[in-house]
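For reference, the structure is listed below as structure tokens.
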Amino acid sequence: MQLRPEGVRPVLLQCHDRLAPFPDPEQADGNLVAIGGDLSRERLLLAYAHGIFPWFGEEDPILWWSPDPRGILEPPAIHVSRSLRKSARNRDWQYRMDSNFAGVIDACAAPRPGQGDTWITPAVRAAYLDLFAAGAAHSIEVYQQDRLVGGLYGVALGGLFFGESMFSRVPDASRLALVLLARHLQHWGFGLIDTQFITPHLQSMGARETPRRDFLRALADLRTQHTQADWNISLPLPGMF
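Heads up: take any position in the sequence shown, counting from 1, add 85, and you land on my numbering.
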């Protein structure tokens with residue numbers, strides 16, 4: 086996907102005005118819809134409520150995106166391969182939620198082979214730790230012998246979970262975290278997981294692309310949905326794998 090298309094004229098947000106609205110992503114010339122502003126709790130939650138998320142490098146201004154097409158995963162559509170089921174049964178995994186959010190975001194920010202600098206800067210880390218403290222951001226964690234080996238984090242809003250990043254230190258760990266997330270979201274009545282973009286890894290798990298307009302319509306319905314979510318569960322649901 087081309088993330089900096091020619092001719093984009095994103096809106097410039099002022100740092101001092103946290104209530105300044107985002108532009109309608111459907112009226113944007115491309116995937117980049119705004120520049121600037123801040124990473125306050127209010128600004129981030131406003132962005133997610135309109136299908137927009139921050140993504141930028143350490144030397145960049147804050148960049149706000151709403152890609153077209155959008156990557157999504159419907160919780161019931163999560164695909165658990167035979168090999169992953171075997172791994173879940175035959176290896177000593179432990180699962181937790183929200184017990185080590187800082188550890189998950191730090192692991193996601195760690196350098197990875199073949200990739201450049203992380204977008205999870207100290208400012209981004211602090212912003213999402215604040216969202217976690219507010220009960221809006223959550224982590225899914227996979228352990229072996231009490232060592233954190235995989236996980237993911239994101240933001241929950243109504244009946245939609247916005248996935249931000251995932252990591253794996255051993256084979257299958259991030260895939261198990263995604264299954265754990267999808268199964269619990271389905272149990273709680275969530276309608277969608279936003280994956281932002283599609284990778285072969287996500288596609289193999291059941292994710293697909295949808296036009297941005299369709300994603301925004303679904304978001305408008307789901308963001309006000311009331312869900313009974315208990316993020317303190319530490320064991321997988323029966324029949325999860």
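Cβ atoms here follow ideal geometry from the backbone N, Cα and C, with glycine treated the same way.
This one's a predicted model, so the numbers in the text were calculated from it and none came from an experiment.
Quick check on this structure: which residue in the options has the alpha carbon closest to the alpha carbon of residue i?
i	options	result
ARG176	ARG302, ARG293, VAL255	VAL255
GLN313	LEU245, PRO95, ALA262	LEU245
PRO152	GLY115, ALA173, ARG126	GLY115
GLN327	LEU124, ALA173, HIS286, GLU127	Lying outside 86 to 326, the shown extent of the chain, residue 327 is not represented and no answer is given.
TYR213	GLY156, SER253, PHE282, LEU129	LEU129
HIS248	LEU301, GLY156, PRO110, ALA113	For the sequence presented, residue 248 should be read as Gly rather than His. The option with the nearest alpha carbon to GLY248 is GLY156.
VAL118	GLU127, ASP306, PRO106, ARG260	PRO106
Sorted by chain position, which residues of the same chain lie with C-beta nearer than 6 Å to residue i's C-beta, five sequence neighbours on each side aside?
i	result
TRP316	MET182, ASP183, HIS223
ALA258	VAL227, VAL234, GLY235
MET325	ARG268
LEU88	Note that LEU88 scores a pLDDT of 45, beneath 50, so its modelled location is shaky and nothing firm can be said.
GLN310	GLY243, GLY244
Here's the rule: buried if 16 or more other CB atoms are within 10 angstroms of the residue's CB, otherwise exposed. What is residue i?
i	result
GLY188	exposed
THR280	buried
GLY276	buried
GLY122	buried
HIS135	buried
ALA208	exposed
SER125	exposed
Ignore the nearest five residues each way along the sequence and tell me which others in residue i's own chain have a CB closer than 8 Å to its CB.
i	result
ILE120	PRO95, VAL96, LEU97, LEU98, PRO146, ILE147, LEU148, TRP149
Starting from residue i, trace the alpha helix (DSSP H) both ways and give me its first and last residue.
i	result
LEU263	258-273
ILE157	No alpha helix (DSSP H) contains ILE157, which is instead part of the beta strand (DSSP E) from 155-158.
GLU127	126-134
Looking at the secondary structure, which residues open and close the beta strand (DSSP E) in which residue i lies?
i	result
SER253	245-253
ASP279	277-281
GLN179	179-182
Can you list, in chain order, the residues of its chain with a C-beta nearer than 7 Å to that of residue i? Leave out the 5 residues immediately preceding and following it.
i	result
TRP204	TRP140, PHE141, GLY142
GLN308	Strictly speaking, residue 308 in this sequence is Arg, with Gln absent from that position. These residues qualify, in order along the chain: ALA134, LEU242, GLY243, LEU245.
GLN271	PRO160, PRO161
ALA194	THR203, ILE205, ARG210
ILE225	MET182, GLY236, LEU237, ALA262, LEU265, LEU266
Open item on the list: With three or more beta-carbon pairs closer than 8 Å as the criterion, would you say the segment 283-293 touches the segment 144-151?
Closed with: no
Open item on the list: Below 8 Å, how does it come out for the segment 152-172 and the segment 260-267: are there three or more Cβ pairs, yes or no?
Closed with: yes
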